[in-house]
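Q: Line by line, the protein sequences are chains S and E.
Under numbering that gives the first Met the number 0, the first residue of the first sequence carries the number 0, and numbering increases by one thereafter.
Under numbering that gives the first Met the number 0, the first residue of the second sequence carries the number 0, and numbering increases by one thereafter.
2 protein chains.
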Amino acid sequence: MKKELVFGHKNPDTDAVVAAIAYSYFMNQKGIDTEPVALGNPNEETKYVFNHFNYDFPRVITSADTDKVMLVDHNESQQSVDNISDVEVTHVVDHHRIANFETSNPLFYHAEPLGCTSTIIWKLFNQEKIEIPAQIASLMMSAIISDTLLLKSPTTTDQDKAALESLSRTAGVDYETYGLDMLKAGTNLDSKSAKELVEMDAKTFDMNGKKVRIDQVNTVDLDDTLKRQSEFEEAIKNEMNVENEDLFILLITNILTSDTKAIVLGNDSVLSVFELTFNTKIENNIAYLPGVVSRKKQVVPQLNENF
Amino acid sequence: MKKELVFGHKNPDTDAVVAAIAYSYFMNQKGIDTEPVALGNPNEETKYVFNHFNYDFPRVITSADTDKVMLVDHNESQQSVDNISDVEVTHVVDHHRIANFETSNPLFYHAEPLGCTSTIIWKLFNQEKIEIPAQIASLMMSAIISDTLLLKSPTTTDQDKAALESLSRTAGVDYETYGLDMLKAGTNLDSKSAKELVEMDAKTFDMNGKKVRIDQVNTVDLDDTLKRQSEFEEAIKNEMNVENEDLFILLITNILTSDTKAIVLGNDSVLSVFELTFNTKIENNIAYLPGVVSRKKQVVPQLNENF
């Protein structure tokens with residue numbers, strides 16, 4: 000029998016790939032034969048993680064070639080494999096809202112409002128008393144650092160902190176020093192085209208019939224990154240055309256100061272929903288969102304409520 | 000602050016009410032103040048359970064009067080409180096497919112493909128090392144007997160069996176003897192009008208745009224129950240008219256022999272989907288479904304695939 004596939008969302012970030020690896024290992028220990036795969040190539044940060052711990056990046060797929068699959072770090076169908084409606088989802092482990100997700104059969108679904116999917120998987124390992132190998136612990140530690148911006152994001156919970164501390168002990172790594180290096184590696188934007196940057200951490204949402212795209216790039220200097228604004232806007236307009244998107248938000252987030260400037264494009268009516276939602280003015284296509292670092296907690300639900 | 004409400008589905012069966020009581024108790028022990036409620040009056044079986052163990056049936060509501068709620072034993076919005084779209088769902092514990100369910104925020108969602116929600120809640124008590132009081136154990140035991148037809152339904156798993164055995168020890172009750180009495184009490188159909196029987200365990204599903212209603216009554220004698228066929232059909236036609244349902248299936252299930260005869264009404268096109276799905280002929284509005292006892296495992300997914 001073919002191994003059941005385990006994967007995170009499209010445009011994978013560190014947690015999407017690592018959670019698939021960790022959950023697949025967990026399932027294999029429980030006697031269910033699985034293979035972790037990724038729905039895209041690694042971003043700069045994820046490359047740094049896999050190089051640093053000398054771990055092979057999983058096989059990249061766009062369509063599942065098995066009948067059954069397990070999802071981690073996502074559930075919305077537009078963020079999943081292209082043929083998600085043709086396969087059976089048997090397991091989900093996630094920390095996002097639930098939407099555009101439907102099954103014909105009962106399934107295993109474990110979601111918690113924690114900062115990182117890898118934290119939930121760490122809890123599952125503990126519950127079932129399965130040991131986490133040091134190398135996988137290093138990856139899970141990296142995923143938590145990535146999703147919580149070294150425990151500074153408002154999505155961070157006490158459980159994420161406990162998981163990070165426990166995993167760094169297992170891995171034998173000082174997470175403070177390593178974490179800062181890892182996050183900085185992820186902000187190495189100069190080598191990328193505007194198109195690549197925009198697509199690097201892209202998510203699309205259906206909000207009351209409107210197609211809303213919210214991408215995010217991290218930086219350590221907002222103004223330096225915004226020197227490329229016109230390049231970004233060209234890439235965004237092109238994407239909106241091809242994908243028929245109604246509203247496009249590119250969050251440019253300073254991970255050191257926890258602030259965001261967003262490039263926001265769309266027609267007047269969707270722009271006014273954005274302005275209303277964040278009580279701000281878009282000037283020269285840019286909105287300043289002080290204190291905003293989390294798309295999931297500080298952008299998606301607020302916008303969704305107003306559409 | 001108002002207590003957060005915990006409830007199971009409309010037309011509650013034993014598990015819907017008991018899971019709400021057990022999960023509410025669990026949450027209260029964890030320091031989150033909740034109140035269990037029911038979305039309807041008890042059926043004959045559930046009445047027997049609450050009388051037998053001298054436990055007060057919870058308050059009955061149709062709309063939630065709190066901002067936040069927890070769902071047990073269901074997730075589909077049409078099976079929930081009338082104002083489900085206006086409240087925030089913070090927790091779900093369930094053992095059904097996921098459909099017509101959407102949130103704006105991340106939440107706690109724990110589903111497993113087990114026979115009974117109360118089995119999942121039993122696992123949660125164990126994980127968190129919270130003791131189950133004998134009276135609540137009696138109720139949870141009853142819920143498992145009800146959902147698994149005393150471990151005979153194909154939905155039954157090893158974990159349901161383990162939970163039932165453990166809970167019956169905590170409750171100090173011989174589940175075999177008690178269980179048969181309880182199931183028989185639930186088949187006391189004579190005192191009910193056809194309308195009451197049809198509505199007793201009713202569930203509505205959206206299947207590719209068709210409104211499909213699947214109700215179930217348990218009996219110990221199929222032919223005896225079917226003496227009232229014309230009465231049932233009149234009640235069904237009336238319901239279909241009022242609720243605009245495309246297909247109505249009344250499963251009449253013999254819990255001793257594990258067989259079902261279904262009264263099936265709808266237009267030719269939906270009836271042919273039914274016949275195709277179950278490879279059977281509907282004669283005089285009746286289809287014989289040998290070995291079928293579980294709506295969830297043997298009826299809903301199969302029909303859903305063919306619509």
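For glycine and all other residues, C-beta sits at the position ideal for the given N, C-alpha and C.
Quantities reported herein were computed from a predicted structural model and do not represent experimental measurements.
Can you name the start and end residues of the alpha helix (DSSP H) that Asp146 of chain E belongs to?
A: Here residue 146 of chain E refers to the residue found at position 147 of the second sequence. Unbroken alpha helix (DSSP H) run through Asp146 of chain E: Ala133 to Thr147.
Q: Please say whether Ile20 of chain E and Pro57 of chain E have beta carbons closer to each other than 8 Å?
A: Residue 57 of chain E sits at position 58 when you count from the first residue of the second sequence. Residue 20 of chain E sits at position 21 when you count from the first residue of the second sequence. Yes. Within cutoff.
Q: Mind checking the region 100-128 of chain E against chain S and listing, in chain order, the residues whose C-beta falls within less than 7 Å of any C-beta there?
A: Phe100, Glu101, Thr102, Ser103, Asn104, Pro105, Leu106, Phe107, Tyr108, His109, Ala110, Glu111, Pro112 and Gln126
Q: Roughly how many angstroms lie between the CA atoms of Val291 of chain S and Val216 of chain S, to the nearest whole one?
A: The count along the first sequence starts at 1 and reaches residue 291 of chain S at position 292. The count along the first sequence starts at 1 and reaches residue 216 of chain S at position 217. So the two alpha carbons sit approximately 13 Å from each other.
Q: Relative to the alpha-carbon of Pro132 of chain S, which residue among S:Phe100, S:Asn104, S:Thr102 and S:Ser165 has its alpha-carbon at the smallest distance?
A: Translated into the one-based positions of the first sequence, residue 132 of chain S becomes position 133. Of the candidates S:Phe100, S:Asn104, S:Thr102 and S:Ser165, the one whose C-alpha sits nearest the C-alpha of Pro132 of chain S is S:Ser165.
Q: Return yes when the Cβ of Ile254 of chain E is within less than 8 Å of the Cβ of Ala261 of chain E, no when it is not.
A: One-based indexing of the second sequence puts residue 261 of chain E at position 262. One-based indexing of the second sequence puts residue 254 of chain E at position 255. In this structure, Ile254 of chain E does not lie closer than 8 Å to Ala261 of chain E by Cβ.
Q: Within 8 Å (strictly less), CB to CB, does Arg96 of chain S reach chain E?
A: As a first step, residue 96 of chain S is located in the first sequence; it is residue number 97 there, counting from the start. Output row for Arg96 of chain S: interface = yes.
Q: Which chain E residues sit within Cβ distance under 9 Å of Pro300 of chain S?
A: Taking the first sequence and counting its residues from 1, the one referred to as residue 300 of chain S is at position 301. Taking a Cβ-Cβ threshold of 9 Å, the residues of chain E close to Pro300 of chain S are Thr102, Ser103, Asn104 and Pro105, in chain order.
Q: Whose C-alpha, out of S:Asn187, S:Ala110 and S:Ala162, is nearest the C-alpha of Thr224 of chain S?
A: Start at 1 with the first residue of the first sequence, and residue 224 of chain S comes out as number 225. Of S:Asn187, S:Ala110 and S:Ala162, the residue nearest in Cα terms is S:Asn187.
Q: My assumption, with CB atoms under 8 Å, is that Asn303 of chain S sits in contact with Met206 of chain S. Please give the rounded CB distance.
A: The count along the first sequence starts at 1 and reaches residue 303 of chain S at position 304. The count along the first sequence starts at 1 and reaches residue 206 of chain S at position 207. With 8 Å as the limit, Asn303 of chain S and Met206 of chain S qualify as a contact, their Cβ atoms being about 5 Å apart.
Q: Check whether the region 103-121 of chain E touches the region 76-89 of chain E, counting contact only when three or more Cβ pairs, one atom from each stretch, lie closer than 8 Å.
A: yes
Q: Beta-carbon within less than 6 Å of Arg212 of chain E's beta-carbon, same chain only, minus the 5 sequence neighbours each way: which residues are those?
A: Mapped onto the second sequence, residue 212 of chain E falls at position 213. The beta carbon of Arg212 of chain E sits closer than 6 Å to those of Thr203, Glu244 and Phe247, all from its chain and outside the five residues before and after it, given in chain order.
Q: Work out the CA separation of Ser271 of chain S and Leu147 of chain E for me, nearest whole Å.
A: As a first step, residue 147 of chain E must be located in the second sequence, where it is residue number 148. As a first step, residue 271 of chain S must be located in the first sequence, where it is residue number 272. Before going on, a small fix: residue 147 of chain E reads as Thr here, not Leu. Thr147 of chain E and Ser271 of chain S: Cα-Cα distance of roughly 53 Å.
Q: State yes or no: is the beta carbon of Lys307 of chain S nearer than 8 Å to at least one beta carbon in chain E?
A: The question about residue 307 of chain S has no answer here: the residues shown for chain S are numbered 0 through 306.
Q: For Thr353 of chain E, list the residues DSSP reports as bridge partners.
A: As displayed, chain E neither begins before 0 nor continues past 306, which places residue 353 of chain E out of reach and without an answer.
Q: Can you list the residues of chain E that Lys295 of chain S reaches, using a CB-CB cut of under 8 Å?
A: The sequence position of residue 295 of chain S within the first sequence is 296, counting from 1. The answer, in chain order, is Pro105.
Q: Pairing CB atoms from the region 58-74 of chain E with CB atoms from the region 2-15 of chain E, are three or more of them under 8 Å?
A: yes
Q: I'd like to confirm the pairing. Which residues does DSSP put opposite Val263 of chain S in its beta bridges?
A: As a first step, residue 263 of chain S is located in the first sequence; it is residue number 264 there, counting from the start. In the DSSP output, where bridge partners are listed per residue, Val263 of chain S has S:Ile248.
Q: Since Asn303 of chain E meets chain S, which of its residues come closer than 8 Å, beta carbon to beta carbon?
A: Stepping through the second sequence from its first residue, residue 303 of chain E is reached at position 304. Within 8 Å Cβ-Cβ: Ser103.
Q: Enumerated in chain order, which unbroken segments of the beta strand (DSSP E) with a length of 3 residues or greater are wholly contained in the region 14-47 of chain E?
A: 33-35
Q: At which residues does the alpha helix (DSSP H) containing Glu164 of chain S begin and terminate?
A: Locating residue 164 of chain S in the first sequence gives position 165, where the first residue counts as 1. Glu164 of chain S: member of the alpha helix (DSSP H) spanning Asp157 to Ala170, first to last residue.
Q: For Val48 of chain S and Leu138 of chain S, which I take to be in contact (beta-carbon distance under 8 Å), what is that distance rounded to the nearest angstrom?
A: Along the first sequence, read from residue 1 onward, the residue named residue 48 of chain S stands at position 49. Along the first sequence, read from residue 1 onward, the residue named residue 138 of chain S stands at position 139. Their Cβ separation, rounded to whole angstroms, is 7 Å, which keeps Val48 of chain S and Leu138 of chain S in contact under 8 Å.
Q: Give me, in chain order, the residues of the same chain whose beta-carbon lies closer than 6 Å to that of Ser76 of chain E; leave out the 5 immediate sequence neighbours on both sides.
A: The count along the second sequence starts at 1 and reaches residue 76 of chain E at position 77. Cβ within range, chain order: Ile83 and Asn99.
Q: If you run the structure through DSSP and keep just helix, strand and coil, what is Thr218 of chain E?
A: Numbered from its first residue, the second sequence carries residue 218 of chain E at position 219. The answer is strand: DSSP assigns Thr218 of chain E an E or B state.
Q: Taking only three categories from DSSP, how would you classify Ile119 of chain S?
A: Locating residue 119 of chain S in the first sequence gives position 120, counting from the first residue. Looking at Ile119 of chain S - three-state DSSP - the assignment turns out to be helix.
Q: List, from N- to C-terminal side, the beta strand (DSSP E) runs of 3 residues or more that fit wholly inside the region 260-306 of chain E.
A: 285-289
Q: Would you say Ile97 of chain E and Cys115 of chain E are within 8 Å of each other, going by their C-beta atoms?
A: Stepping through the second sequence from its first residue, residue 97 of chain E is reached at position 98. Stepping through the second sequence from its first residue, residue 115 of chain E is reached at position 116. In this structure, Cys115 of chain E does not lie closer than 8 Å to Ile97 of chain E by Cβ.
Q: If we count the other Cβ atoms within 10 Å of its Cβ and call it buried at 16 or more, is Lys295 of chain E buried or exposed?
A: Locating residue 295 of chain E in the second sequence gives position 296, where the first residue counts as 1. Buried, since its Cβ has 16 or more Cβ neighbours within 10 Å.
Q: Do you know how far the Cα of Met140 of chain S is from the Cα of Tyr177 of chain S?
A: Position 178 of the first sequence, counting from 1, holds the residue named residue 177 of chain S. Position 141 of the first sequence, counting from 1, holds the residue named residue 140 of chain S. Taking the straight line from one Cα to the other gives about 10 Å.
Q: Between Gln134 of chain S and His95 of chain E, what straight-line distance do the alpha-carbon atoms span, to the nearest angstrom?
A: As a working mapping, residue 134 of chain S is identified with position 135 in the first sequence. As a working mapping, residue 95 of chain E is identified with position 96 in the second sequence. Those two C-alpha atoms are separated by around 36 Å.
Q: Tell me which residues share the same chain as Ile60 of chain S and place their Cβ nearer than 8 Å to its Cβ, disregarding the 5 neighbours each side in the sequence.
A: Working through the first sequence from its first residue, we reach residue 60 of chain S at position 61. Result list for Ile60 of chain S: Leu4, Phe6, Val36, Ala37, Leu38 and Val80, in chain order.
Q: Apart from the five residues just before and just after Lys160 of chain S, which ones in its own chain have a Cβ nearer than 7 Å to its Cβ?
A: If you number the first sequence from 1, residue 160 of chain S lands on position 161. So the qualifying residues of the chain are Leu150.
Q: Helix, strand or coil, according to DSSP, for Lys194 of chain E in the structure here?
A: Residue mapping note: residue 194 of chain E aligns to position 195 of the second sequence, counting from 1. Helix.
Q: Once DSSP output is grouped into helix, strand and coil, what is the label at Glu3 of chain S?
A: Along the first sequence, one-based indexing puts residue 3 of chain S at 4. It is a strand residue.
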